[in-house]
């Protein structure tokens, strides 16, 4: 026993809040996450700062917004100047450990700094029947490490790929167990799914969540049996969500150009799911829809049960590590804000939440500012950076140029609808959000840090191919 609480920070990759039963989803996808929610505080409107892991992960770890840390690609290392939560815990007498099943969260990128133990699980695990049980592996490693701790307080950071595509292994609860079905959960089948197969895709995703939830439940059960649950702060979140055929990649385009391109190259347009509403599965090269940014955020403090309290104000994933540090009584100066002031009662917290996601290695980026009722999305083109790139993915470059010629650079959505641009109908709302976004960019960039880069090794390249990030 110790007077200091333990901490577990658990990230489930590509997990949408609105597909968890504790967030009001109609299916029982997450009974064990629901249990954690009943013992803690559930933040109903938590939003990620990017819809790509490579940027969102650094924001979660450091509490910095993407334009500040600038770790935009898999090549970029977390800047030395960035605040490191593990270093702070280690300096205050905690034993620290990190377990990652994803190459973007790696020693090569500098995620291991401050951790006494940091295991890159993606280097040692083999796939079975085409899938790796990342949720199970992460739980096994976490339990084994806790059992071997010397009894002092610990900080444990777990990044599970168990809810990332491909969708397997999974529970057979919602999707029909049909090994001959053309949409079998593999990456290839998901990318080729037609809009009329969207229900099959969602069923597979929900079964994958249910499977990952069962393994997360094993971790909670272990903490209960070992007497550690009440004295451990547990944070559960995700780095971003996933599109499950709610949107096409470039559905917000000028109608004449859309019709012309569909007439000239219908097969290409269909294969890339560029214009078709409800045709895209994934989270790359699209717009920052709520399906991609709205993530679960649950905090269970130590020593007290909050009876499933819900907080309805806007919060961000950059706020989670400052909250952890605040609960530990550890200084952690960063851009995120501690959520502890919300623990006692529900009240408004932030007027706006923000995102910034780079596309095509920084040649394009999307930014968004969201209030409770509206969202402004901005698409920025930085094609002048072409000259500074020694190597470049030609397909991504062409797609960037192609998109610049057809896609609106600014859109306004009246939430929850993100299918219609209402800029012309609500100019005052647009102006308010535009002012907030411009001010945010100006403030965030005041602490901008230039990251170093590193080369990708063979293991990293292979997992990126398996996840559909490289060819």
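In the numbering used here, the protein residues as written are 9 to 479.
Note that the Cβ used here is the ideal one computed from N, Cα and C, for glycine as well.
May I ask you to report which of helix, strand or coil DSSP gives residue 68?
As a working note, residue 68 is residue 60 in the chain shown. Helix.
With burial defined as no fewer than 16 other Cβ atoms inside 10 Å of the residue's Cβ, what is the status of residue 13: buried or exposed?
Numbered from its first residue, the chain shown carries residue 13 at position 5. Buried is the call here.
Tell me whether the beta-carbon of residue 37 lies closer than 7 Å to the beta-carbon of residue 218.
Stepping through the chain shown from its first residue, residue 37 is reached at position 29. Stepping through the chain shown from its first residue, residue 218 is reached at position 210. Contact annotation: residue 37 and residue 218 have beta-carbon atoms nearer than 7 Å.
Can you name the start and end residues of the alpha helix (DSSP H) that residue 220 belongs to?
For the purposes of this step, residue 220 is taken as the residue at position 212 of the chain shown. Start and end: 206 to 233.
Validate contact between the stretch 81 to 95 and the stretch 27 to 44 using beta carbons, cut 8 Å, 3 pairs:
Because the criterion of three Cβ pairs below 8 Å is not met, the stretch 81 to 95 and the stretch 27 to 44 do not touch.
What residues in its chain sit with their C-beta under 7 Å from that of residue 440, if we drop five residues either side in the sequence?
The sequence position of residue 440 within the chain shown is 432, counting from 1. Excluding residues within five positions, none has a Cβ falling inside 7 Å.
In chain order, what residues of the same chain lie with their CB nearer than 6 Å to the CB of residue 212, ignoring the 5 residues before and after it?
By one-based count along the chain shown, residue 212 stands at place 204. Correct list, in chain order: 175, 183, 193.
Quick check: the Cα distance between residue 108 and residue 436, rounded to an integer number of angstroms?
For this step, residue 108 is matched to residue 100 along the chain shown. For this step, residue 436 is matched to residue 428 along the chain shown. About 45 Å.
Cutoff 6 Å; reference residue 448; Cβ partners in own chain excluding five residues on either side
The sequence position of residue 448 within the chain shown is 440, counting from 1. Cβ neighbours of residue 448 beyond the five flanking positions: 362.
Using a 10 Å radius around the Cβ and a threshold of 16 neighbouring Cβ atoms, would you call residue 240 buried or exposed?
Start at 1 with the first residue of the chain shown, and residue 240 comes out as number 232. Per the 10 Å Cβ criterion, buried.
Collapsed DSSP secondary structure at residue 31 in the structure displayed:
Translated into positions along the chain shown, residue 31 becomes position 23. Looking at residue 31 - three-state DSSP - the assignment turns out to be helix.
Count the other C-beta atoms from every protein chain shown that fall within 10 angstroms of the C-beta of residue 308, then say buried if there are 16 or more, exposed otherwise.
Looking up residue 308 in the chain shown gives position 300. Buried, because 16 or more other Cβ atoms sit within 10 Å of the Cβ of residue 308.
Which term fits residue 399, buried or exposed, when burial requires 16 or more other beta carbons within 10 angstroms of its beta carbon?
Translated into positions along the chain shown, residue 399 becomes position 391. Its pLDDT being 41, under 50, residue 399 is placed unreliably in this model, and the value from its coordinates should be taken loosely. Exposed, because fewer than 16 other Cβ atoms sit within 10 Å of the Cβ of residue 399.
For a test of the three-state rule: what should DSSP assign to residue 56, helix, strand or coil?
Counted from its first residue, the chain shown places residue 56 at position 48. Note: residue 56 maps to coil in three-state DSSP.
Quick check: the stretch 46 to 56 against the stretch 305 to 322, are at least 3 beta-carbon pairs closer than 8 Å?
These segments touch.
With a 10 Å radius around its C-beta and 16 neighbouring C-beta atoms as the bar for buried, classify residue 43 as buried or exposed.
Locating residue 43 in the chain shown gives position 35, where the first residue counts as 1. Buried, by the Cβ-count rule.
Looking at residue 152: is its Cβ nearer than 7 Å to the Cβ of residue 21?
Within the chain shown, numbered from 1, the residue matching residue 152 stands at position 144. Within the chain shown, numbered from 1, the residue matching residue 21 stands at position 13. Their beta carbons are not under 7 Å apart, which means residue 152 does not touch residue 21 by this criterion.
For my contact list, residue 338 and residue 89 are in at a C-beta cut-off of 8 Å; report their separation, rounded to the angstrom.
Walking along the chain shown from the start, residue 338 turns up at place 330. Walking along the chain shown from the start, residue 89 turns up at place 81. With a Cβ gap of about 19 Å, residue 338 and residue 89 do not count as contacting.
Can you name the start and end residues of the alpha helix (DSSP H) that residue 388 belongs to?
Position 380 of the chain shown, counted from the start, is the residue given in the question as residue 388. Residue 388 -> not in any alpha helix (DSSP H); beta strand (DSSP E) instead, spanning 382 to 389.
Could you pull the start and end residues of the beta strand (DSSP E) that residue 164 belongs to?
Taking the first residue of the chain shown as 1, we reach residue 164 at position 156. In the DSSP assignment, residue 164 falls within the unbroken beta strand (DSSP E) covering 162 to 168.
Can you tell me the Cα-Cα spacing of residue 111 and residue 60, whole angstroms?
Here residue 111 corresponds to residue number 103 of the chain shown, with the count starting at 1. Here residue 60 corresponds to residue number 52 of the chain shown, with the count starting at 1. Roughly 13 Å separates the two Cα atoms.
For residue 118, count the other beta carbons within 10 Å of its own beta carbon; 16 or more makes it buried, fewer makes it exposed. Which is it?
Position 110 of the chain shown holds residue 118. With 16 or more other Cβ atoms within 10 Å, it is buried.
If contacts are defined as beta-carbon pairs under 8 Å, then residue 3 and residue 350 qualify, I think. What distance do you get, rounded to the angstrom?
The structure shown does not extend to residue 3, since the chain spans only 9 to 479, so no value can be given for it.
Out of curiosity, what's the CA-to-CA distance linking residue 386 and residue 205?
Counting from 1 along the chain shown, the entry for residue 386 is found at position 378. Counting from 1 along the chain shown, the entry for residue 205 is found at position 197. In this model, residue 386 and residue 205 are separated by some 31 Å (Cα to Cα).
Within 10 angstroms of the Cβ of residue 347, are there 16 or more other Cβ atoms? Answer buried if so, exposed if not.
Your numbering for residue 347 matches position 339 in the chain shown. With a threshold of 16 other beta carbon atoms within 10 Å, residue 347 meets it and is buried.
Taking the CB atoms as reference points, tell me whether residue 372 and residue 56 lie closer together than 7 Å.
Translated into positions along the chain shown, residue 372 becomes position 364. Translated into positions along the chain shown, residue 56 becomes position 48. Cβ distance not < 7 Å, so residue 372 and residue 56 don't count as in contact.
Contact check, residue 304 vs residue 28, beta carbons under 7 Å
Position 296 of the chain shown, counting from 1, holds the residue named residue 304. Position 20 of the chain shown, counting from 1, holds the residue named residue 28. Going by C-beta atoms, residue 304 is nearer than 7 Å to residue 28.
In terms of residue numbering, what span does the alpha helix (DSSP H) encompassing residue 77 cover?
Counted from its first residue, the chain shown places residue 77 at position 69. Element bounds for residue 77: 74 to 77.
Pairwise C-alpha distance: residue 319 and residue 250
Here the question's residue 250 lines up with position 242 in the chain shown. Here the question's residue 319 lines up with position 311 in the chain shown. Residue 250 and residue 319: Cα-Cα distance of roughly 23 Å.
Using a 10 Å radius around the Cβ and a threshold of 16 neighbouring Cβ atoms, would you call residue 24 buried or exposed?
Taking the chain shown and counting its residues from 1, one reaches residue 24 at position 16. The residue is buried, with at least 16 neighbouring Cβ atoms inside 10 Å.
Compute the beta-carbon to beta-carbon distance between residue 121 and residue 143, rounded to the nearest angstrom, for a pair I have assumed lies under 8 Å.
In the chain shown, the residue the question calls residue 121 occupies position 113. In the chain shown, the residue the question calls residue 143 occupies position 135. Residue 121 to residue 143, Cβ: 26 Å. No contact.
Counting only runs that start and end within the stretch 295 to 370, where is the alpha helix (DSSP H) found for 4 or more residues in a row?
If we require 4 residues or more, the alpha helix (DSSP H) runs fully inside the stretch 295 to 370 come out as 298 to 301, 328 to 336.
Which residue's Cα is closest to the Cα of residue 39: 433, 215, 429?
Within the chain shown, the letter at position 31 stands for residue 39. Nearest of 433, 215, 429 to residue 39, Cα basis: 215.
Relative to the C-alpha of residue 178, which candidate in 223, 353, 99, 451 has its C-alpha closest?
Walking along the chain shown from the start, residue 178 turns up at place 170. Per the Cα distances, 223.
Alpha-carbon to alpha-carbon, residue 173 and residue 191
Counting from one through the chain shown, the residue named residue 191 turns up at place 183. Counting from one through the chain shown, the residue named residue 173 turns up at place 165. Going from the Cα of residue 191 to the Cα of residue 173 covers about 12 Å.
Would a C-beta distance cut-off of 7 Å place residue 381 and residue 423 closer than the cut-off?
The residue given as residue 381 occupies position 373 in the chain shown. The residue given as residue 423 occupies position 415 in the chain shown. Yes, the Cβ-Cβ distance between residue 381 and residue 423 is below 7 Å.
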